[in-house]
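Working notes, beginning with the structure itself.
Number of protein chains: 2
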Amino acid sequence: MKRLDTAQPDFRAGFASLLADRDSDTARVDGPVTEILAAVRARGDDALCEFTNRFDRADVTPATLRITPQEVETACAQVPAALLDALETAATRIESFHRAQMPSDMRYVDDAGVTLGMRWTALDSVGLYVPGGKAAYPSSVLMNAIPAHVAGVGRIAMCVPTPDGVLNPLVLAAARRAGVTEIYRVGGAQAVGAMAYGTATIAPVDRVVGPGNAYVAEAKRQVFGTVGIDSIAGPSEVVVIADGNNDPRAIALDLLAQAEHDPMAQSILITPDTDMAAKVERAVATELETLPRAEIARTSWDAHGAIITVRDLNEAADLVNTIAPEHLELMIDDPAPTFRRVRHAGAIFVGRYCPEAIGDYVGGPNHVLPTSRTARFSSGLSVFDFIKRTTFIEAQPESLRKIGPAAVSLAQAEGLDAHALSVSVRLADLDRRA
Amino acid sequence: MKRLDTAQPDFRAGFASLLADRDSDTARVDGPVTEILAAVRARGDDALCEFTNRFDRADVTPATLRITPQEVETACAQVPAALLDALETAATRIESFHRAQMPSDMRYVDDAGVTLGMRWTALDSVGLYVPGGKAAYPSSVLMNAIPAHVAGVGRIAMCVPTPDGVLNPLVLAAARRAGVTEIYRVGGAQAVGAMAYGTATIAPVDRVVGPGNAYVAEAKRQVFGTVGIDSIAGPSEVVVIADGNNDPRAIALDLLAQAEHDPMAQSILITPDTDMAAKVERAVATELETLPRAEIARTSWDAHGAIITVRDLNEAADLVNTIAPEHLELMIDDPAPTFRRVRHAGAIFVGRYCPEAIGDYVGGPNHVLPTSRTARFSSGLSVFDFIKRTTFIEAQPESLRKIGPAAVSLAQAEGLDAHALSVSVRLADLDRRA
Numbered sequence: 200m201k202r203l204d205t206a207q208p209d210f211r212a213g214f215a216s217l218l219a220d221r222d223s224d225t226a227r228v229d230g231p232v233t234e235i236l237a238a239v240r241a242r243g244d245d246a247l248c249e250f251t252n253r254f255d256r257a258d259v260t261p262a263t264l265r266i267t268p269q270e271v272e273t274a275c276a277q278v279p280a281a282l283l284d285a286l287e288t289a290a291t292r293i294e295s296f297h298r299a300q301m302p303s304d305m306r307y308v309d310d311a312g313v314t315l316g317m318r319w320t321a322l323d324s325v326g327l328y329v330p331g332g333k334a335a336y337p338s339s340v341l342m343n344a345i346p347a348h349v350a351g352v353g354r355i356a357m358c359v360p361t362p363d364g365v366l367n368p369l370v371l372a373a374a375r376r377a378g379v380t381e382i383y384r385v386g387g388a389q390a391v392g393a394m395a396y397g398t399a400t401i402a403p404v405d406r407v408v409g410p411g412n413a414y415v416a417e418a419k420r421q422v423f424g425t426v427g428i429d430s431i432a433g434p435s436e437v438v439v440i441a442d443g444n445n446d447p448r449a450i451a452l453d454l455l456a457q458a459e460h461d462p463m464a465q466s467i468l469i470t471p472d473t474d475m476a477a478k479v480e481r482a483v484a485t486e487l488e489t490l491p492r493a494e495i496a497r498t499s500w501d502a503h504g505a506i507i508t509v510r511d512l513n514e515a516a517d518l519v520n521t522i523a524p525e526h527l528e529l530m531i532d533d534p535a536p537t538f539r540r541v542r543h544a545g546a547i548f549v550g551r552y553c554p555e556a557i558g559d560y561v562g563g564p565n566h567v568l569p570t571s572r573t574a575r576f577s578s579g580l581s582v583f584d585f586i587k588r589t590t591f592i593e594a595q596p597e598s599l600r601k602i603g604p605a606a607v608s609l610a611q612a613e614g615l616d617a618h619a620l621s622v623s624v625r626l627a628d629l630d631r632r633a
Numbered sequence: 200m201k202r203l204d205t206a207q208p209d210f211r212a213g214f215a216s217l218l219a220d221r222d223s224d225t226a227r228v229d230g231p232v233t234e235i236l237a238a239v240r241a242r243g244d245d246a247l248c249e250f251t252n253r254f255d256r257a258d259v260t261p262a263t264l265r266i267t268p269q270e271v272e273t274a275c276a277q278v279p280a281a282l283l284d285a286l287e288t289a290a291t292r293i294e295s296f297h298r299a300q301m302p303s304d305m306r307y308v309d310d311a312g313v314t315l316g317m318r319w320t321a322l323d324s325v326g327l328y329v330p331g332g333k334a335a336y337p338s339s340v341l342m343n344a345i346p347a348h349v350a351g352v353g354r355i356a357m358c359v360p361t362p363d364g365v366l367n368p369l370v371l372a373a374a375r376r377a378g379v380t381e382i383y384r385v386g387g388a389q390a391v392g393a394m395a396y397g398t399a400t401i402a403p404v405d406r407v408v409g410p411g412n413a414y415v416a417e418a419k420r421q422v423f424g425t426v427g428i429d430s431i432a433g434p435s436e437v438v439v440i441a442d443g444n445n446d447p448r449a450i451a452l453d454l455l456a457q458a459e460h461d462p463m464a465q466s467i468l469i470t471p472d473t474d475m476a477a478k479v480e481r482a483v484a485t486e487l488e489t490l491p492r493a494e495i496a497r498t499s500w501d502a503h504g505a506i507i508t509v510r511d512l513n514e515a516a517d518l519v520n521t522i523a524p525e526h527l528e529l530m531i532d533d534p535a536p537t538f539r540r541v542r543h544a545g546a547i548f549v550g551r552y553c554p555e556a557i558g559d560y561v562g563g564p565n566h567v568l569p570t571s572r573t574a575r576f577s578s579g580l581s582v583f584d585f586i587k588r589t590t591f592i593e594a595q596p597e598s599l600r601k602i603g604p605a606a607v608s609l610a611q612a613e614g615l616d617a618h619a620l621s622v623s624v625r626l627a628d629l630d631r632r633a
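Protein chains in written order, with our numbering: chain D, 200 to 633; chain Y, 200 to 633.
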């Protein structure tokens, strides 16, 4: 864990190294992924089953790739009712937020009499990748599938690896709640390839979304263009801005909630209160003594964690804008000025009663967020990932007279004569009729 | 050119081969691009100047990479006043449409008393790639730079190669009109690398946009993640739906306006009127006799063009949804029903007086559009490319009591105990105070 202080002369260097310390290139897996994708593209289900049986120690055939409704029901029956209730609370809130997010179409007539506008349309089909094994998070199923459903996507196909044939009941319960009925027991680059190119069993989709390991991320990068993809998730991070009026244990747990995800995760406390800084540092150490995932959390905190003391909250907001964190908590008395000053963050959790874990499950906004400083230029998953815009123009004769000549001039200047003629023959026709 | 008729038994096969005929993989240039990017990343300006001098037969140094304001003024002075006026008409209309496109922030309080919302923020900086030589289109400078400007991007850097040292006056005039003052005479993968990683002379940007050749496209693919990118443009296409009440020459020119761009471009006429089909086919042949870019247009039309006769306009719209064309013209008497039925198209040009060339220059909506069937899942360039969303939640004690327990259950089920504790310690604290 790094201790930094903006008042110290070495702050800039220390802060720069904090930002850079997770920049190392991820493992290069492009070669194997290219091979897997080519095989799935060429040999479809056969290749898909071979890879699945090899990597997941499974025994699938094209006939058993799809998880049956009966299997889903059997799995869901194992989920305790209280947990199904919690899933329902989460799903309802996620649904409600994403409905509010849906944009409106636009249409207007301008001064030249031209009708202009844009229209939003849902994608026909999307493929949802869900990691298997320990990283199988039912909450992520809700966060990926519900926005697609709200956006009006007609077909949602889901791929989830089932290593050693083991189904995750809560993942299937989440899929059922989110209205996903087309589920395949495949994972890895081969699953991405199947969804992008299609096989005899799995029809191709228009866009592939969802988190995954390095192979899945590389596969998404390689199929980009054939299908759309969401952003490629890197290790995630939280910045907590906390003043002196906090329970240090609560702040420590917020930092550790990020750290327990992944040894590469990054948790940063920024505080104007040196006393709080020291208390939180001690509280982190105390919690690590009993936390079940202490090994992961400690590795993350030791290698990438930081406590930064600042002169004031404006300075804190400015640091946040350089970090562009995935998650930002504002655990301060008067959060509004800091909230306004922050420009780059995936999601902001405002006030002492809104820890980031609320947003992971039941807040409503999406928990799939831009990681590794990409909040500088990208956004969390949303209904916007499942709809696209069509712009339109409608010109009447009088409007064409007004704006057409400029188009002719520019087309001629660019040496595109058919472009120019396509406008000028219509203008000439109007002149003849006039 | 293919002649297809939906009433014929071989239609499905012919239509499928029409869709597939441009699917061949683009040239593999990933090896050389990886090397160029690594060199620019490692050696900055030195590598950038070396590649520029080699590929563009130039003689630049770090000190002369940037095009000076004086050079811009000198170049602009060469542009005829009428052309500057046309540029102004285009710029004003593009600006106006993209202003109308800006979305609003959202904020509301839900039943549980939780404040929820999302906020749009502009990117700090973007890099605009502009192709050089013959493909240097001033209209593209406007279409890329103006939305960034309207979105509120603070810094817009532009890279344009100047082979043999030749500046394109109209490109510089377009940049000046669009408010772009930071312009570098570099192109290719090396320009993309410089914008993504930064050099001593060119500060890194957050997102790189703009069309380019195969090297530029591959470079954008490889820097994706370090920076954002726009979609990777493939060969473009138009579908014209025309009824019998058209001037066949106008329709032929619309088809050729697409074909004259690129031998790989695709122009498709869909008509319920077999007489019009024949007339347009003859008109295309006639125009090709005199069109300056006839060689390119003929190659495109012969290899990828098509005339499809359909039973009715509904069938036409359904074909469009499978093609998902970049551009769609509705040259029909009553366009509204067909307009409503179309789900997948980059931009729609409605009515006989709105040829697609209007949209290329002066319509207002962006002419950077999803090509090669990607309108199934993506959209044209817009202000949305230059802003991003931050979601936020603010929970009061009473709201936390309502929604917190479900978060605790789900976090425990996912084995993330610090997540669960970060909520439960706050709930316990509230209980103590109650």
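Every residue gets a Cβ at the ideal spot worked out from N, C-alpha and C, and that includes glycine.
For D/ARG492 and D/VAL385, the rounded distance between their alpha carbons = 28 Å
In terms of DSSP beta bridges, what is Y/CYS248 paired with?
-> Note: Y/CYS248 sits in no beta bridge, so no partner.
Unbroken alpha helix (DSSP H) runs of length 4 or more, entirely within the region 549-580 of chain D: which are they?
-> 555-560
With a cut-off of 9 Å, does the C-beta of D/HIS348 fall near any C-beta of chain Y?
-> no
Below-9 Å beta-carbon distance, D/ASN565 vs any chain Y residue | yes
Could you tell me whether the region 528-541 of chain D touches the region 487-504 of chain D, where touching means 3 or more Cβ pairs closer than 8 Å?
-> no
Does the Cβ of Y/ARG551 have 16 or more other Cβ atoms within 10 Å, making it buried, or fewer, making it exposed?
-> buried
To which residues does DSSP link Y/GLN465 through a beta bridge?
-> Y/GLU436
If you compare alpha carbons, which of D/ALA311, D/GLU287, D/TRP319 and D/THR314 is closest to D/MET301?
-> D/TRP319
Would you say Y/GLU488 and Y/GLN465 are within 9 Å of each other, going by their C-beta atoms?
-> no
Starting from the C-beta of D/SER338, find all residues in its chain whose C-beta is less than 8 Å away, skip the five residues before and the five after it, and write them out in chain order.
-> ALA289, ALA373, ASP559, TYR560 and HIS566
Just checking, does the region 447-458 of chain D make contact with the region 474-483 of chain D on the three C-beta pairs under 8 Å criterion?
-> yes
Output yes or no for whether 9 Å exceeds the beta carbon distance between D/ASP511 and D/PRO569.
-> no
Measure how close the beta-carbons of Y/VAL438 and Y/ILE531 come, nearest whole angstrom, since I'm counting them as under 8 Å.
-> Y/VAL438 to Y/ILE531, Cβ: 13 Å. No contact.
Quick one: grab the DSSP three-state call for D/HIS677.
-> There is no way to answer for residue 677 of chain D, as the model of chain D reaches only from 200 to 633.
Between D/HIS503 and chain Y, is there a C-beta pair that is closer than 9 Å?
-> no
Identity of the residue in Y/ALA505, Y/ALA335, Y/GLU525 and Y/VAL519 nearest Y/ARG539 by Cα = Y/VAL519
Comparing the C-beta of Y/VAL426 with each C-beta of chain D, is any distance below 9 Å?
-> yes
Might you give, ordered along the chain, the residues of its own chain that have their beta carbon closer than 6 Å to the beta carbon of D/GLY392, omitting 5 neighbours on each side?
-> LEU236 and VAL239
On a CA-only basis, which of D/ALA476, D/HIS526 and D/LEU529 is nearest D/ALA505? Give me that one, please.
-> D/ALA476
So which of D/LEU369, D/SER577, D/SER499 and D/ILE293 has the shortest CA-CA distance to D/ALA344?
-> D/ILE293
Alpha helix (DSSP H) runs wholly inside the region 314-385 of chain Y, at least 4 long, in chain order = 337-350 and 368-376
Check the Cβ of Y/PHE591 against every Cβ in chain D and list those closer than 7 Å, keeping chain order.
-> ALA546, ILE547 and VAL549
Tell me where the beta strand (DSSP E) around Y/MET305 begins and ends.
-> 305-308
What span of residues does the alpha helix (DSSP H) with Y/VAL415 cover, start to end?
-> 413-422
Compute the Euclidean distance between the alpha carbons of D/ASP141 and D/GLY351, then round it to the nearest angstrom.
-> What is shown of chain D runs 200 to 633, which leaves residue 141 of chain D out entirely.
Do you know whose CA, among Y/THR273, Y/ALA627, Y/ALA395 and Y/ASP284, lies nearest Y/VAL325's CA?
-> Y/ALA395
List the residues of chain Y whose Cβ lies closer than 8 Å to the Cβ of D/GLN300, in chain order.
-> MET305 and MET317
Hey, does Y/GLU555 have any beta-carbon neighbour from chain D nearer than 9 Å?
-> yes
Taking the alpha-carbon positions, what's the Y/PRO208 to Y/ARG202 distance?
-> 13 Å
Beta strand (DSSP E) runs contained entirely in the region 222-292 of chain D, provided each spans 3 or more residues = none
Determine, using beta-carbon pairs with one atom in the region 239-256 of chain D and one in the region 267-276 of chain Y, whether at least three such pairs fall under 8 Å.
-> no
Cα-Cα separation between D/LEU527 and Y/THR590, rounded to whole angstroms | 10 Å
Short Cβ contact (9 Å threshold) for Y/VAL313 with Y/GLU593 | yes
Taking the C-alpha atoms as reference points, what is the distance between D/VAL607 and D/PRO596?
-> 16 Å
Coarse secondary structure for Y/THR498, derived from DSSP in three states | helix
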